[in-house]
Amino acid sequence: MILKSIFFVLLNFIVAGLFAQTTPWDVPADRSAKLSTTAFTDQNRNTGRNLYQANCKSCHGDPGKNNVIKLVPPPPDPAATQLQQNTDGSLHFKISEGRGAMPSFKNILNSAEIWNIIAFLRTFNKDYQQQLAVKPTFGGEVFDKVELKLTADQTHTTIVAQLTGFKGSLVKPIAGLEVKLFAVRYFGNLMVDKPMDTNAEGKALFSCPKNLPGDASGNVSLVAQLSNEELFGLVKTESTLAIGLPTDRPPLNEPRALWNVVQKTPVWLLISYLASVLVVWGFIVVVLLKLRTISKLGE
Amino acid sequence: MASEVNTKFLQDKRLDRIASDILRPVGVDRSFLIWMSSLTMLLFVCLYAYYIQLDKGLIVTGLRDYVSWGMYISNFVFFVATSLVGMLISSVLGMMGYKWVKPIGRIAEIIAVAFSAVAGIVIVSDMGRPERLPFVFMFGRIQSPILWDVTVVTTYMTLSILLYVFTMIPDMAISRGRIGHTPPWLQKTYELLSFNFQHKPEQYKILLKAVRILLILIVPTAFAIHTVTSWLFAVTTRPGWDSTIFGPYFLTGAFVAGSSAVIILMFIVRNNYKLSRYITVEHFDKMGKLLFLVSIVYFYFNLNEYLVPAYKMKTFEARHLIELFTGEFAFMFWSVQLLGLIIPMILLLFKSMRKPAPMFIIAIVVLIASWFKRLLIVVPTMEAPFLPKQNVPDAWMVYHPTIVESAITVGTITLAVMIISVLMKLFPVIPIWEIAEEESAHPDQQPVE
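As you go down the protein sequences, you meet chains A and V in turn. Sequential numbering from 29 applies to the first sequence in the working numbering. Sequential numbering from 8 applies to the second sequence in the working numbering.
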């Protein structure tokens, strides 16, 4: 009897396991082995919680409450083994790249922010012990400060990102590091050109797209960022350059429209409404006046 | 309505008989007082429920984030719908020259007045913060069908009241000296509402002109009132509402509900007020045919409304239709379609079913079904939003009307019944002058009781 029960329980597990099986998500070995270079602090976890609430909760639900969105395959609850068995590097890769219904967050969150989310996720795993990566160095060189600066040439054909290291009074261009350039827009940034390495002068040269829409004066907000966030931390700069096509789009609440305020009612609607109301109520007044006449005639 | 009145009926002896027949039940008697006090008591119980809602807010109802339009808005649509019959009987049939509608025209008008007046109150019952009602006029947007709805409901109510008052002016004058059995305040009211009417031909001429204007105005306004009510739903993209035929679909449904309301009142007037001489078997037969006609048109619109999307089965429409046909709402849906539409239509084909008593029962069933029909239009769509329902308490998933909410709804129906009772009991329910004129013009035609 007991054996029979055990058999059925096992069978149940096997069958359930078969159906729950989805194609494994292969993570490249080097990404899977990647680790955070800094120890997770409470501040990291708090930031991570806020980021989780804003970006992840709508599908993954509240960790441990198993209230995930009903999708096939279902997104794992962050507290579940399915998620927690991933290495830190695998989680980082999966959040960055995305797959299927899971969106890619690499252009929405930076690497440090993703590590913060992982720090938060690991609070739901009692057995978790953080392993740290050895902090890489840049050919033995250490800088007090590393800066990126964005400029455009006269003809607006090339955008230059200048990478410079500062150490005391020493100012030195940094060569051979990859820089990414983005144009800021609603709902995630747009990558401009492709990631470029800095040359011997510390310059990464991006060719400027001809058809990038700017604001009314052609201004475009740009963000340049060092791809490797582990060498010097997050190195990032934001600039507004007049490299875009001047685009004058009046805001949607400017013209008369159905969705606008009452002062901006479409004319056809205003006329139809007011005319109907005036005609009908005008006749009502006429009818009421007739009532007076009837009454007067009877006196 | 004729353009001229032959005032010789005033000298006709028949007028005395007609006036005394119709004015006999008028007044305040014991049974009326008992009836009205019971209704008042019921109304107070329902007002207490409304007090609870005012105090605690809409949380005492079953309305939540998903189903924010429940019983109240369904009830509103029902009230607007039923009130439309005033237009159908008095304006459309009256102006086309159908003489048989004369005795029941005022009954239809009473329904129009009572139901359109209460419809406005029903909307307020759906408001969590009713003191913000003036905001509609202060900050309302002409672009919003809600503002159109407020406009047309007010206009239709005004027109219905005016039509009711105008067509009653000669009766008020005829009643002078004939209502000695009624309380003095009522006699005063009659005097006031007769507007010095002395049956002068000029007075009749102006009166008929004014009534004609009202009858014409009321047709587009009535179309507007219910079309706009349907647009409150149809201007959204939600499954079950996203339909181009919603305007006519609502209108024809309204005629079904309104005609059955008229039949119910006709039966009560005929039997309680002993007016079978004026509201005859023939009238029930005609109303039965009218109910059949509006039902078959409504059936045709139902066929379009459900068969066409059911043939295509687009994802969200399919979910909605399956819910109606075989799901949670299937019992209510099929009951409403069978009892409120298909079975009455079949029964009305038989002459024996168009007699007063069977018609009365059919009309009650049809009217109740048409109330539930409105619930079926509002609730299932609200329960099925496009985005998945998640992270909310289980009670929010499905709409369950509460006792407080039901009591408030009963209160609005009670209020409508009270208005109808007052108008029917204190004023002549059949137009005396129109009947007298008709009988005087055709003295040889005697009605079959």
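All C-beta atoms in this analysis are idealised placements derived from N, C-alpha and C, irrespective of residue type, glycine included.
- Task: Return the bridge partner residues of Thr16 of chain A from the DSSP annotation.
- Result: Within the shown structure, residues of chain A are numbered from 29 to 327, placing residue 16 of chain A beyond reach of any answer.
- Query: Between the stretch 262 to 271 of chain A and the stretch 232 to 252 of chain A, are three or more C-beta pairs nearer than 8 Å?
  - Reply: yes
- Lys207 of chain V in three-state terms, based on DSSP: coil
- Task: Rank V:Ala448, V:Ser377, V:Asn203, V:Trp248 by C-alpha distance to the C-alpha of Met306 of chain V and give the top, closest one.
- Result: As written in the sequence, residue 306 of chain V is Phe, which differs from the Met given in the question. The shortest C-alpha separation from Phe306 of chain V is found at V:Ser377.
- Check the Cβ of Gln150 of chain V against every Cβ in chain A and list those closer than 7 Å, keeping chain order. Leu286, Thr293, Leu297
- Following the continuous beta strand (DSSP E) through Gln253 of chain A, name the residue where it begins and the one where it ends. Gln253 of chain A -> beta strand (DSSP E) spans 248 to 254.
- Measure the alpha-carbon distance for Ile252 of chain V versus Ile303 of chain V and round it to whole angstroms. 16 Å
- Query: If we count the other Cβ atoms within 10 Å of its Cβ and call it buried at 16 or more, is Tyr285 of chain V buried or exposed?
  - Reply: Classification for Tyr285 of chain V: buried.
- Item | Outcome for Leu250 of chain A when other beta-carbon atoms lying within 10 angstroms are tallied against a minimum of 16 | buried
- Task: Output the distance between the C-alpha atoms of Ala229 of chain V and Glu209 of chain V, rounded to the nearest integer angstrom.
- Result: 30 Å
- Item | His327 of chain V vs Pro395 of chain V beta-carbon contact at 8 Å | no
- Task: Report yes or no: is there a C-beta of chain A within less than 8 Å of the C-beta of Leu221 of chain V?
- Result: yes
- Task: On a CA-only basis, which of A:Asn256, A:Thr109, A:Val199, A:Ala211 is nearest Asp225 of chain A? Give me that one, please.
- Result: A:Asn256
- Message: Here's the rule I'm using: 16 or more other beta-carbon atoms within 10 Å means buried, otherwise exposed. How should Gln205 of chain V be labelled?
- Response: exposed
- Query: Would you say Leu250 of chain A reaches chain V, if we count a Cβ-Cβ gap shorter than 8 Å as a contact?
  - Reply: no
- Item | Best match in V:Ala126, V:Ser267, V:Val411, V:Tyr256 for proximity to Ile114 of chain V [C-alpha to C-alpha] | V:Ser267
- Using three-state DSSP, classify Leu314 of chain V as helix, strand or coil. helix
- Phe146 of chain V versus A:Val290, A:Glu125, A:Val188, residue with shortest Cα-Cα distance: Nearest C-alpha to Phe146 of chain V: A:Val290.
- Item | Meets three-Cβ-pair contact criterion under 8 Å: the stretch 149 to 165 of chain V and the stretch 415 to 425 of chain V | no
- Item | Same chain, Cβ closer than 6 Å to Arg150 of chain A, five either side skipped, listed in chain order | Tyr156
- Task: Ignore the nearest five residues each way along the sequence and tell me which others in Phe86 of chain V's own chain have a CB closer than 8 Å to its CB.
- Result: Phe122, Ser123, Val125, Ala126, Val129, Thr419, Ala423
- Residues that Asn95 of chain A contacts on chain V, provided the C-beta gap is smaller than 7 Å: Gln397, Asn398
- Query: What residues of chain A sit near Gly147 of chain V, judged by a beta carbon separation below 9 Å?
  - Reply: Within 9 Å Cβ-Cβ: Val290.
- Query: Taking Cβ to Cβ, would you say Phe173 of chain V is nearer than 8 Å to Leu221 of chain V?
  - Reply: Contact check for Phe173 of chain V against Leu221 of chain V passes: the beta carbons are separated by less than 8 Å.
- Message: Could you tell me the alpha carbon to alpha carbon distance between Met273 of chain V and Cys87 of chain A, rounded to whole angstroms?
- Response: As the crow flies, the alpha-carbon of Met273 of chain V is around 60 Å from that of Cys87 of chain A.
- Task: For chain V, find out if any of its Cβ atoms is closer than 8 Å to the Cβ of Val174 of chain A; answer yes or no.
- Result: no
- Query: Can the beta-carbon of Asp437 of chain V be found closer than 8 Å to that of Leu297 of chain V?
  - Reply: In the sequence under discussion, the amino acid at residue 437 of chain V is Ile, which differs from the Asp named in the question. Taking 8 Å as the Cβ cut-off, Ile437 of chain V and Leu297 of chain V do not qualify as a contacting pair.
- Go ahead and label Asn144 of chain A buried or exposed: buried means 16 or more other beta carbons lie within 10 angstroms of its beta carbon, across all protein chains shown. Buried.
- Query: Taking the C-alpha atoms as reference points, what is the distance between Asn217 of chain A and Asn135 of chain A?
  - Reply: 6 Å
- Item | C-alpha gap between Trp248 of chain V and Lys93 of chain A, whole angstroms | Each residue's alpha carbon lies about 36 Å from the other.
- Closest Cα partner of Val162 of chain A within the set A:Leu63, A:Lys318, A:Pro278, A:Pro274: Considering only alpha carbons, the answer is A:Leu63.
- Task: Give a yes or no on whether the C-beta atoms belonging to Ser197 of chain A and Gly117 of chain A are separated by under 8 Å.
- Result: Their beta carbons are not under 8 Å apart, which means Ser197 of chain A does not touch Gly117 of chain A by this criterion.
- Verify whether the separation of the beta carbon atoms of Arg284 of chain A and Pro274 of chain A is less than 8 Å. no
- Best match in V:Ile118, V:Thr89, V:Lys109 for proximity to Ser428 of chain V [C-alpha to C-alpha]: V:Ile118
- Compare the beta carbon distance of Pro201 of chain A and Glu169 of chain A with 8 Å and say whether it is the shorter of the two. In this structure, Glu169 of chain A does not lie closer than 8 Å to Pro201 of chain A by Cβ.
- Compare the C-beta of Ala264 of chain V against all C-beta atoms of chain A and say whether one is closer than 8 Å. no
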